[in-house]
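S.K.: Please read through the structure below; I'll follow up with questions.
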Amino acid sequence: MTQNLVLIGHGMVGHRLLESLVERGAIAAPSDAATPQGATAAGESPIPGWHVTVLAEEDRPAYDRVHLSSAFTGATDAELALCDADFIDRHGIDLRLGDPVEHIDTAGRTVTNTSGATVPYDALVIATGSYSFVPPVEGADAPGCFTYRTLYDVETLTAYASEEDRTTGVVIGGGLLGLEAAGALRTLGLRTHVVEFAPRLMPLQVDDGGAAALRATIESMGVAVHTGVGASQVETDTDGSVRGLRLSDGRVIDADVVVFSAGVRPRDRLAREAGLAVGDRGGVVVDEHCRTTDPYVYAVGECAQTADGRVYGLVAPGYQMAETVADALAGEGTSVFTGADTSTKLKLMGADVASFGDPFVPEGEDGGAVSVVFSDTREGVYKKLLLGPEGQLLGGILVGDADAYGTLKPHAGRPLPAPPQAYVLPASGVELPGADALPDDAVVCSCHNVTKAAVRTAVTENSLTDLGGIKRCTKAGTGCGGCLTTLQSVLDAELAAAGIEKPKGLCEHFALSRAEIYETVRTEGIRSFGELMEKHGLGGEGCAVCKPVVGNVLGTLAPELGLRHVLDGEQAALQDSNDLFLANLQKDGTYSVVPRVPGGEITPAQLIAIGEVARDFDLYTKITGGQRIDLFGARADQLPAIWRRLVDAGLESGHAYGKSLRTVKSCVGARFCRFGQGDSVQLAIDLELRYRGLRTPHKIKGGVSGCLRECAEARGKDIGVIATAGGWNLYVGGNGGTTPRHADLLAADLTPAELLRLVDRFLMYYLRTGERLERTAPWCERIGGLDHLKSVLIDDSLGICAELEAQMDRHAAAYQDEWQAVLDDPQALARFERHLPRPSPEFLEPGRGRAAVLPDGSEAALFKDRGGTVYAVGNRDPFSGTDVIAHGILGTRDGRPVVASPMHKQEFDLRTGACLDDPSVALPVHEVPTSEASAHEV
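Numbering-wise (the working numbering), the sequence shown opens with residue 78 and increments by one.
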């Protein structure tokens, strides 16, 4: 008798079960179909070798619902697919799509499909997931009403919303899925409203303070938010289609589209009708082995009510359930599922939101929790930690700045190794402990339930030295990515404990640090990456680490080396995507444009010009924290036309894309303010115009306040200046970000000329000695702190002050606007065309990629290395669903030719398409077109 496993449902959790069985060698090879197998009831040990039948309702195999919204920006079925093309065939799995199960016969151990087919089973797994809850609202079935759950939902919503007269959409539900749906409507170009019955957004994840910060961010994007109100009726037009939504308070929102995203319900009908126990509020009741009340039937994912009485709507707990069932079916049966960590970190409409532990534990003096809260309503930042009576971390909420999530989450349920304020407050002055403070049983990756001990073991047993190796061996870091900082900390600690010195070199291609590369290029007059590689490199094409660093150094030293601009010739192949297009890459593959507004001062004519550009190119506009205007949504091929309009209005590049000076923020100072003691606007303008275009190890920002009231927040900047009765005080080494700190006073009561000379010295010394991506704050501490800086920059202990000032003078004299430089360079302009004139290698420059349309109509990314070898792979990034692979950096990794996605730097083998950071993902590989290939009109 053959042992048959039937899986009802082929979603993310169902497919994870198949992968887990394959990993355990528990799926019989196709040739073993007649091999007898043993029984499978509770308490018995089955022999691995299941023959699997998957019965799915949808007409397509498992796909990534977590990134469903990427389908709105063009991600294809293939890019969202979770199983590669031959996974099903290779393992002899009988996958039947579009033929859902209608009935389970537990007595006869069979299931019957809608087609009438009856399939026997020895073990059955129900993985039917959940369905969107549509509240009982009159008109909810009118044309124009949608749910948001499947790819079919995305396709029908996109088609309907794309019709010419659709302008406004309403999402009913302000939870996680609701806000994701709202982002989708904005992507489709609709004016968007969100209606949430609860008094705040995301009521299950954040508290009132966090919701207020989130709401402010979302409303700043033009989305109207209505909380504390429900939907009472969908109003329809004469043809029956949606024309508006009436709220419970009587207001009516004019709308063409209504999306219901008011939660989900377990799909437990099959189990209920089969007589299996179901929870009072839904969900198939299962025990700690995910077994139902029938010993031959299991349930996993959102359709199951687990042993702790909960129904989990997150994918990570579903994966853990799949592992538990796979362990039972593979013969071990020792794994149990009794509950899961529901910590989440995500980005909703551009806002970071994270919660962990129990974020709603009661607070109070009688043994309740104590909270530590930081809130900055101006920046939309809210952080809250909840501590127990013994100081243990019970939970937390992070909105707007979730950088500390990876550090805090593993400590949930344990005492924090540092004062809680160190994790949430700016400039706490407390150094956070490293990975040594984490116990081995701490879960560092909740997506794949990976502990610190598992990571340590993988590092030791496999001699791992980088995050890529940890991802391959443990899958940690391949989910939401919130644990990457913690993983790096664990890796560094493990290498240090083993006495393995972390290489100071940038990467496998250079044994030199960033500072050593800078000094080598400066003293030897090296003018290209190729020359540096030939003289000091370790071989290979370079990579996404060393190429941008060398490009940055060459840009900084351009006046000394006689180079033109950062996109001139070979230099273009070194630039990361932002520098490559002199604009900021966004999550949908478009770019944002930020013209410079020195000191925040702008003329009415320039404001009008920016508005006209935004209107004519349909760009989203936002005032930035640095007193500038950001224009979002431009395609790469539109950038030169946008720049030309802005340049004609007297504007120039704001370098928001580069590791360079961003802004020098100012208050109005003595010009208008009755408290002002200095002209902070003019000084901010002078500073910004002197240091504009200066490439630095990391981005730098400045601020100038006209008095001690500090309205420009100068002490939170890399360079901060505050006016006093005696002149200007200069502060250095401040910054926000993950570890915010106040800047330190370097010198007091300076004249403007003295101030500029000292800033010249500070920045040039930072350029010479800073390491890759090292902000000025940690750099100051590393080189010896304020005393060392005073010794070098004021007392001239190294005898280099005059040299530093002269180098800055040459930089300022040689400055040219990078936008204008491209507009004046036909070769550079040609790189902004959307596709190559035709898919032929003759149009390729060594070291960089270009997008091309192949004769069959597919879009490919073509690359040519320095040796002349040409590669062709799919242009769509499988993680983000955007067509950006051609903009990635060409390099080598362990001798293999790779391209790094400009989105999140995953590397793909150009020969096979395989992702080296996640083996389950791959790019399609195309036949390399020849020079004789026929032209293809685009």
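Glycine included, each C-beta is placed from N, C-alpha and C at the ideal position.
Considering only the beta carbon of each residue, do A489 and G554 sit closer than 8 angstroms?
M.R.: Result no, Cβ atoms of A489 and G554 do not sit closer than 8 angstroms.
S.K.: Please give me, in chain order, every unbroken run of the alpha helix (DSSP H) with length at least 4 that falls completely inside the segment 838 to 867.
M.R.: Correct list: 853 to 860 and 862 to 866.
S.K.: Can you list, in chain order, the residues of its chain whose CB lies under 6 angstroms from that of L172, leaving out five sequence neighbours each side?
M.R.: Excluding residues within five positions, the ones whose Cβ falls inside 6 angstroms are V131 and I165.
S.K.: Within the chosen definition, does the segment 950 to 961 reach the segment 650 to 669 through at least 3 CB pairs nearer than 8 angstroms?
M.R.: Yes: the two stretches touch, three or more of their Cβ pairs being nearer than 8 angstroms.
S.K.: Decide if G441 is buried, meaning its Cβ has at least 16 other Cβ atoms within 10 Å, or exposed.
M.R.: Exposed is the call here.
S.K.: How is the alpha helix (DSSP H) around Y482 delimited, first residue to last?
M.R.: Element bounds for Y482: Y482 to L485.
S.K.: Return the Cβ separation of P496 and L462 in integer angstroms, given the expectation that the two are a contact with Cβ distance under 8 angstroms.
M.R.: Between L462 and P496 the Cβ distance is about 11 angstroms, and since that is not below 8 angstroms, they are no contact.
S.K.: Contact defined as beta carbons within less than 8 angstroms: I believe D653 pairs with P625. What is the distance between those atoms, to the nearest angstrom?
M.R.: That belief holds up - the Cβ atoms of D653 and P625 are roughly 5 angstroms apart, short of 8 angstroms.
S.K.: Per DSSP, what kind of secondary structure is S566 in: helix, strand or coil?
M.R.: If DSSP states are grouped into helix, strand and coil, S566 belongs with the helices.
S.K.: Whole angstroms are fine: how far does the CA of R988 sit from the CA of L844?
M.R.: Going from the Cα of L844 to the Cα of R988 covers about 38 angstroms.
S.K.: Report the three-state DSSP secondary structure of F149 (helix, strand or coil).
M.R.: Helix, per DSSP.
S.K.: Using only the alpha-carbon positions, how far apart do A184 and A204 sit?
M.R.: Distance between the alpha carbons of A184 and A204 is about 20 angstroms.
S.K.: Using a Cβ-Cβ cutoff of less than 7 angstroms, which residues in the same chain neighbour A118 once the five nearest sequence positions on both sides are dropped?
M.R.: Unreliable positioning characterises A118 in this predicted model, as indicated by a pLDDT of 43, which lies under 50. A coordinate reading is not provided.
S.K.: Rounding to the nearest angstrom, what Cα-Cα distance links Q983 and G616 in this structure?
M.R.: The alpha-carbon atoms of Q983 and G616 are separated by roughly 21 angstroms.
S.K.: Going by the beta-carbon positions, is the gap between L807 and L827 smaller than 8 angstroms?
M.R.: It is a contact, given that the beta carbons lie within the stated cut-off.
S.K.: Does the structure place the segment 512 to 530 close enough to the segment 557 to 574 that three or more beta carbon pairs sit under 8 angstroms?
M.R.: Cβ pair count under 8 angstroms is three or more, so yes.
S.K.: Here's the rule I'm using: 16 or more other beta-carbon atoms within 10 Å means buried, otherwise exposed. How should P516 be labelled?
M.R.: When all chains shown are included, P516 counts as exposed.
S.K.: Among V361, E593 and T370, which residue has its Cα nearest to the Cα of G386?
M.R.: The residue with the shortest Cα to Cα distance from G386 is V361.
S.K.: Looking at P675 and I762, is the spacing between their C-beta atoms short of 8 angstroms?
M.R.: It is a contact, given that the beta carbons lie within the stated cut-off.
S.K.: Need the endpoints of the alpha helix (DSSP H) that H888 sits in, please.
M.R.: Note, H888: alpha helix (DSSP H), C878 to A891.
S.K.: If we call anything under 8 angstroms between Cβ atoms a contact, is I706 one with I685?
M.R.: No, they are not a contact pair.
S.K.: Using only the alpha-carbon positions, how far apart do E135 and P177 sit?
M.R.: The straight-line gap from Cα to Cα measures roughly 8 angstroms.
S.K.: Give me the Cα-Cα distance between A133 and G483, rounded to the nearest whole angstrom.
M.R.: Between A133 and G483, the C-alpha separation is close to 36 angstroms.
S.K.: For the beta strand (DSSP E) that Q310 lies in, which residues bound it at each end?
M.R.: Run containing Q310: A308 to T313, per the beta strand (DSSP E) assignment.
S.K.: Please report the Cβ distance between L583 and R973, rounded to the nearest whole angstrom; I am assuming they are in contact, meaning their Cβ atoms lie under 8 angstroms.
M.R.: The Cβ separation is near 18 angstroms, so there is no contact.
S.K.: Based on Cα-Cα distance, which residue from K778, V798 and I777 lies nearest to E787?
M.R.: That would be V798, whose Cα lies nearest to the Cα of E787.
S.K.: Given 8 angstroms as the limit, is there contact between the segment 293 to 308 and the segment 249 to 261, that is, 3 or more CB pairs closer than that?
M.R.: Enough Cβ pairs lie closer than 8 angstroms, so yes.
S.K.: Going residue by residue through the segment 722 to 797, where are the continuous alpha helix (DSSP H) segments of at least 4 residues, counting only ones entirely within it?
M.R.: DSSP runs (the alpha helix (DSSP H)) wholly in the segment 722 to 797: 757 to 768.
S.K.: Determine the burial state of Y948: buried for a count of at least 16 other Cβ atoms within 10 Å of its Cβ, exposed for fewer.
M.R.: Buried: at least 16 other Cβ atoms inside 10 Å.
S.K.: Is G88 buried or exposed, if buried means 16 or more other CB atoms sit within 10 Å of its CB?
M.R.: Classification for G88: buried.
S.K.: Are T235 and L265 touching if we call contact CB-CB under 8 angstroms?
M.R.: Closer than 8 angstroms, so yes.
S.K.: Could you spell out the range, first to last residue, of the beta strand (DSSP E) harbouring L322?
M.R.: Here the beta strand (DSSP E) through L322 covers V319 to L324.
S.K.: Exposed or buried, which one is D199 when buried takes at least 16 other CB atoms within 10 Å?
M.R.: D199 should be labelled buried.
S.K.: In terms of alpha-carbon separation, which member of Q382, D154 and A405 lies closest to G395?
M.R.: Measuring from the Cα of G395, the nearest candidate turns out to be Q382.
S.K.: What would DSSP say about G545, mapped onto helix, strand or coil?
M.R.: In the structure shown, G545 sits in a helix (DSSP, three-state: H, G or I).
S.K.: Mapping the DSSP letters down to three states, classify R328 as helix, strand or coil.
M.R.: Correct three-state label for R328: coil.
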